Structures are given as C-alpha cells and as structure tokens.
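Residue numbers (my numbering): 916 to 1728.
Don't be surprised by glycine CBs; every beta carbon is placed ideally from N, CA and C.
These figures come from a predicted structure and were not determined experimentally.
In what follows, a single structure is set out as structure tokens and then discussed.
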C-alpha cells in the first residue's frame, strides 16, 4: 500500500493485524483504543511515504516554497480529516465494520493535539490544508509542545488549568521523528570580536546550548497524494544527565540541563506575569525561529543554490509578531556564519520575510525589554540596533529632522527600561505586510501604522482569512455535505464557489425541509453529547445560540451574558413576556493570568447554574458553558448552530473565523460591523444577517467625547434591572466576583462599550426570534448563508497570498 490509489482492503486488514500483534494484542481481543492505534499506524505508513515522495520530488525542489512560521497550529484530530483528504473514509469505514467496530467510535479515541489556542492556530492549520490541496510547496514550522495550552476544567464555576497530556504512553501515531534534521540552538553568553582575513568580525558565543529535534506531522492534500510536513521542534538537552552529580547524591543537579531544556517546549504561551515567564517566552520564540531558519538554509544550500538567491526560492511568512526574532536571526547567520556583508544580508532578509498582523489591540503586539534581549540574545540586540539605525535613516530621508516621526516609527522606544517593538521590526524587515479582513487592513493603515503606510505606501495589503471546507463542512457535517453533493455533485470541497448553485434551492420547499432536517439531526447529536458529558437536558427545538471563541473582553462574552440576564429578568417579572425556547452555548478558555476573563467565565457559570435549575423559567432558557474548548468540540457544535454570536466591539476584531464556519453550516450571524462580519454581510445580503451596534468610527467618536456607562445604565430600565441581578439575583450573600463584573462595567468604565450596544443588541435578538417563528423564511436565510460564503474558503485566501505576496507556482504530483 504505497499510495491511496493503490488501496487494497486485504492488505490494509493484514497491516492492521500486524500492528496489533506488535503491541501484543490479537484482533479478537482488541479494544477501541488498540484498534484505533493500529489503523492509524497503517494509514501513517501511507502518509509518511507520500511525505517523503513529495519531499524528494525534483519539480518541488526546484520551485519556490512557502515557510509558514507560527507559534501555534490548532490542527485538531487528524484521523478523520486525513481519511477524507485521502479519499479513504468510506473504504476504511467498511473495513472497520467487517472487523466488528464502528469507525466513528474509533475516531473518538484520538485526543486533539494541544498545539494551539484560538483563531490564530486554527487559521494556520486551515492554510496548511489549503496549500497541500492546491499543491503550493509548503513547510509549516511550529513547536512540539509537551502539554500545549492547558486542559480546562470548572471547579465551582471557576476555570482551573491542568496539563493537557495529548501524547499518551503510545505516543501520537501520526507524527514521525526526523533526528537527522536536528539543530543546535544557543542562548545567553557574549559577543566576541575576532579577525578573519584581516577584517574585524563579530560572533556570538552562547553559554547555553540545546538540541532542536524535529517531528513531522503529515498535512494531506485533498485527493492528490501530496503530503507536506508540519515540522514541530522539540527542545532537548544536549547532555541530559550528569553521572558525577548523581553519584555525589545531587539528583536534581544531575538532571538540571534536562529540566531547563524541557521547559522551553513544555507549554504554549507560558504565563508571562513575571520575569521568568517573559524569559521563557522569548527563549521559546527564538528556539523556534533559529531552528527553522537553520533548516531552511540547510535545505537551500543542499540543493546547490547561492545564498543571494534565497528570496527566489523561499518565502518566510510570519504569522503575527511572535516569531519576529527570526529577522535578526537570519541576518546573524548570513553575516556571522556565512561571511556575507551587512548590505548583502539585509538585501536577502528584507526580500524573504512577509508578515501577517492579527490584531488592532496595541497590547497584542510583542514588546520586549531591551535588557532581556541583551541578556538572552546579545548578538541579536546588536543587530536590532543596527536595523533601527537603517530605519531611522529612511525616516529622516522622508521627514528630515521630524523627531515625532522618528519616535513613532522607531523599533526602540525610550523609557525607564528601553523596549523593542517587534511589529515595527516586522514591518521594516518584511517586503509585504497584510491584515486579515478589509476593515482590519483599512484600520491598520489609518490607526495602527499610518506612518509606516505613508513611508511604504504599497507594503500594507489585505488578505481576508478563510477556512478549509474539507474539515469545516465535508468532515464535520456529513449530513449537509451529502445533501449538497446530491444537488451539485462532489467537486465542491476543492472548488467551494460551486456552492453558489445551492442558492437556487433556497425557496424549494422540499430542499428546505431536507436542509432543516439535517440541522435538527446535528442539534440532536449535540444535545446527546451535552447530556452524556454534562448531564444537562436540552430542547432540540430551541434556538441554539452559540458563542465559541477565546475569552477576551473585546469579544464581549459579557454582552451576551447581559442579554441572558435580560431574558431571565423578563421571564421572572413580566407575566406577559413569552419567548421561543433558547439555549445559549459558550465555550472558551481564558489565559491563566487574565483575571477579568476568568471572572467572566465564573459569572456565566453561576448564571447558568441559577437559570438551569430555576423552575420559574420553565425550560424556556438554558445556558451551557462547555469546558475545554477544542477543535473536536467545535466539530460537534458548529453544525448545530442556529445563531452565531460575533459581537466584538467594532474596530477590535481583526477578522474572526468562527463566523465563517458557522455561516457555512447554515447559521445566521448576529454581529457588529467588525472584522469579516462586514464581508459576510456583503456576500449573504443584509437581509440574511443581523447587524447591530456602533460602527468603528462611532466607537472612536463616543470614546473621544467621554464615554460614561452610567448614562446608559440609568436611562435603560431593562439594562439596569439586568445588571442589578449580578448584585442580588444569584446568591443570598453578595458574590465578590459578580460584583467585580458589575463594577468593571460601570466604575471600570466599560472599556468595550457593552452598555452602549446593549439596547441595539436586544433589538437584534428580538428580530431573530421573530424570524424563527417563520421556519420557512428561516430555512431560506440559512440555505443562502451556506450557499453564499464560498469567498471564505482558505483556498481563496491562499490564492490571494500566492498572487499578491508569495508568487508561488502550484506543483502537481
């Protein structure tokens, strides 16, 4: 079984049995986990062979390649998605059935690889899928976290973080270690001056060194036998054990280097509320960058290419500022190790890197203390200073003696401890910079980086984000996928624009019934999952109102919470108030050091506990906060959504991708004019989306005029009564955390304008409920959402990158 085209059922079964025997288990005695592992190991043989064949393809070797640098890749479970892309799902399902098992049950044995957090990591995964499907030569570079972010549990409503052991004792069967590609990475130390051929040179002498060990995960193209690697670096000690220390009884010291090295890839986003955490984060980012740069240069030179030709054959895309240290790292290697001049190194580097910005929040941009970089990476700090001198010369040339322009654009900022602003480094050190939605890119130019846009008017571009339809429709929603294929054929997963043909059935009564029947089946599946895992009984005929995304104040889960409180208040106090039964779902993780986000989680859980157990509500309203949000949870929730909550403060969300996933699966969006919501409205039509609230320019204006949340609180009786429930509606004694949420929205100034948008948000939900009474009209809107969002395929996003930034050529195998 060398490729999927040569799939042989008998050989497949024999291989599964062989893998079972090597784990000392016979087929008739195998449990689901053992059979799952044996099946995946058999499939991994196919993908590994395809990976190596793709890697050695002469046409691919001679083509320009993308190197996608990201600190996170939220890839989700691979088995089901890989079976879809390999074209083997039905065939393997039949084999498993003959073995007396159900494939869907076996797939539940896989734990999500804990390699990401939210939209940033999920986008990386979608992009890798689209590059492989469209066969643009690509290597993804990430980190092989031992525990990833964290596994979230709730104790008395509060988030608790525990290690996410995603690789169990058997390991992760899809990955393959590549020890021959290991690299040595240094930290700390000093810079020395020496002479070479009569010229003074500088070199870094690290005082700490570690090994970067690569693990490759297969990124399988859709039905094309192309497999590209997602290369994840694991940090290991060079000398992990000191026998002398051990023999002297100092057992901790004997393994100190092992512990220090292991910490670097222990978890994603180590808490940086203290100095040690900041140091570890920077070590993690440099470790990734240095190993990946080394790997790229090794591959490039091995193929016989000159260093000066690097931009012709390689592009490095920085997915946000996390890995911006890669820019001075490439310069360091070219100058210090490859003996190029500064001008040669800068010319190569500035034509190789491109940078994607993902945030309009200044606090979301990487800023490091100069002293930290100086201590950890002394040579890189020298190079950053020199890069800044180059930038200041450019600024002076454009605006002579303009100190204010220099201050704004400088990579180095003065203060009690000088800081290094990595976004400025990325913009200056890259040949292209892009935002991820039309509004986001516009605001980058107008608000975040207006001076850079004036200095380099063609550098800032837009590439609207996208999602892979293979995972986010074909795999996660087989009922809808089958219905679509019956109407328009089976080519749409790779050509999503074909979905537009479904729009002609939006008024077809039979198709509406079939479409809504699929939605109900998906809601039933979610309902059963919730009861089995959380013990909560739900009404499948209720409106499923869903907000799933990272927990952050600007995403405004607290506004959603206020709407829930308003419904609860009216159910208790207005005998004439009636409503369509509604279930409001949340799922989100808060960063371990983000106190307010954790308080919001606690508040929602307390509210849920009260409402779900209040007989006066009469099951009209339920609130469900699903713990440990991950891709496999999203795959169950998204097909079941009626209403997609995309309610960030306008001007704060770069794009969003959950909005795209839910619309593709027939959900109606309630959202602000923010991020990609605007483009979704343009695609589906304003009558098929529920837009509310202030727009970005209005947000700025109201803040500039002196926003006072008390004005809204005192003038809106429903808002006032709903908020007051936080003080006295849930416990006999006042709950300190609920009071904190109350105070943050009032005395704290309501920084994300929840109170200002409350009235408009409530009215939008009233329109939603009115429409839900008309199921024929609702079905039409839902069908049109699915049919008209093909623009948001990540395949289109990648083509935009290819045409406007990367200049790659597709290489067919």
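Can you tell me whether residue i is buried or exposed, with buried defined as 16 or more other CB within 10 angstroms of its CB?
i: residue 1232; result: buried
i: residue 1077; result: exposed
i: residue 1695; result: buried
i: residue 1478; result: buried
i: residue 1619; result: exposed
i: residue 1571; result: buried
i: residue 1712; result: buried
i: residue 1085; result: exposed
i: residue 917; result: Because residue 917 sits at a pLDDT of 45, beneath the cut-off of 50, its placement in the model cannot be relied upon, and the following sentence gives the value as read from the coordinates. Label assigned to residue 917: exposed.
i: residue 1519; result: buried
i: residue 1009; result: exposed
i: residue 1257; result: exposed
i: residue 1333; result: exposed
i: residue 1718; result: exposed
Just checking my contact of residue i with residue j at CB under 8 Å: how many whole Å lie between their CB atoms?
i: residue 1225; j: residue 1263; result: 5 Å
i: residue 979; j: residue 1228; result: 5 Å
i: residue 1627; j: residue 1673; result: 7 Å
i: residue 1463; j: residue 1527; result: Going by Cβ atoms, the distance from residue 1463 to residue 1527 rounds to 19 Å, so no, they are not a contact pair.
i: residue 1303; j: residue 1288; result: Between residue 1288 and residue 1303 the Cβ distance is about 12 Å, and since that is not below 8 Å, they are no contact.
i: residue 1465; j: residue 1032; result: 7 Å
i: residue 1707; j: residue 1403; result: Not a contact, Cβ separation roughly 18 Å.
i: residue 1608; j: residue 1676; result: 6 Å
i: residue 1611; j: residue 1590; result: Their Cβ separation, rounded to whole angstroms, is 10 Å, which puts residue 1611 and residue 1590 out of contact at 8 Å.
i: residue 1691; j: residue 1556; result: The pair is not a contact, with the Cβ atoms about 19 Å apart (cut-off 8 Å).
i: residue 1352; j: residue 1594; result: 6 Å
i: residue 927; j: residue 957; result: 6 Å
i: residue 1657; j: residue 1642; result: 6 Å
i: residue 981; j: residue 1053; result: 4 Å
i: residue 1141; j: residue 1050; result: 5 Å
i: residue 1669; j: residue 1453; result: Rounded, the Cβ-Cβ distance is 27 Å, inconsistent with contact.
i: residue 1105; j: residue 1243; result: Not quite, the Cβ-Cβ distance comes to about 17 Å (not below 8 Å), so this is no contact.
Give the single residue among the options whose Cα lies nearest to the Cα of residue i.
i: residue 1295; options: 1256, 1250, 1258 and 1338; result: 1250
i: residue 1218; options: 1675, 1595 and 977; result: 977
i: residue 1559; options: 1605, 1536 and 1550; result: 1605
i: residue 1144; options: 1115, 1027 and 1039; result: 1039
i: residue 1025; options: 1032, 950 and 1107; result: 950
i: residue 1505; options: 1497, 1515, 1498 and 1270; result: 1515
i: residue 1058; options: 1030, 1466, 958 and 1700; result: 1030
i: residue 1246; options: 1425, 982, 1268 and 1131; result: 1268
i: residue 1387; options: 1411, 1213 and 1366; result: 1411
i: residue 1129; options: 1140, 1150, 1136 and 1139; result: 1150
i: residue 1285; options: 1274, 1298 and 1273; result: 1298
i: residue 1016; options: 1048, 1087, 942 and 1199; result: 942
i: residue 1436; options: 1456, 1449, 1426 and 1417; result: 1456
i: residue 969; options: 989, 945, 1487 and 1047; result: 1047
i: residue 1045; options: 1728, 1409 and 1220; result: 1409
i: residue 1469; options: 1306, 1665, 1397 and 1309; result: 1665
i: residue 1720; options: 1378, 1318, 1384 and 1366; result: 1378
Can you check whether the CB of residue j is closer than 9 Å to the CB of residue i?
i: residue 1732; j: residue 1336; result: In the structure as shown, the chain starts at 916 and stops at 1728, and residue 1732 therefore has no counterpart that could be examined.
i: residue 1698; j: residue 1581; result: yes
i: residue 1065; j: residue 1079; result: yes
i: residue 1703; j: residue 1414; result: yes
i: residue 1027; j: residue 1546; result: yes
i: residue 1042; j: residue 1204; result: no
i: residue 1693; j: residue 1494; result: no
i: residue 1131; j: residue 1174; result: no
i: residue 1090; j: residue 1001; result: no
i: residue 1103; j: residue 1123; result: yes
i: residue 1155; j: residue 1172; result: yes
i: residue 1358; j: residue 1521; result: no
i: residue 1240; j: residue 1197; result: yes
i: residue 1567; j: residue 1667; result: yes
i: residue 1578; j: residue 1700; result: yes
Is there a C-beta anywhere in chain B that falls below 9 Å from the one on residue i?
i: residue 1003; result: The structure shown has no chain B; it contains just one protein chain.
Is residue i near the ligand GTP, with its Cβ less than 8 Å from a heavy atom?
i: residue 985; result: Judged by which ligands are present, the structure shown has none, so any question about the ligand GTP falls away.
Touching by the beta-carbon criterion (3+ pairs, under 8 Å), the stretch 1521-1540 and the stretch 1318-1332: no
So does the stretch 994-1011 actually touch the stretch 1196-1215, counting three or more Cβ pairs closer than 8 Å? Touching, no, given that fewer than three Cβ pairs across the two stretches are closer than 8 Å.
Cβ contact check for the stretch 1362-1380 and the stretch 1336-1349: 3 or more pairs under 8 Å: yes
Does the stretch 1153-1162 come close enough to the stretch 1178-1189 to have 3 or more Cβ pairs within less than 8 Å? no
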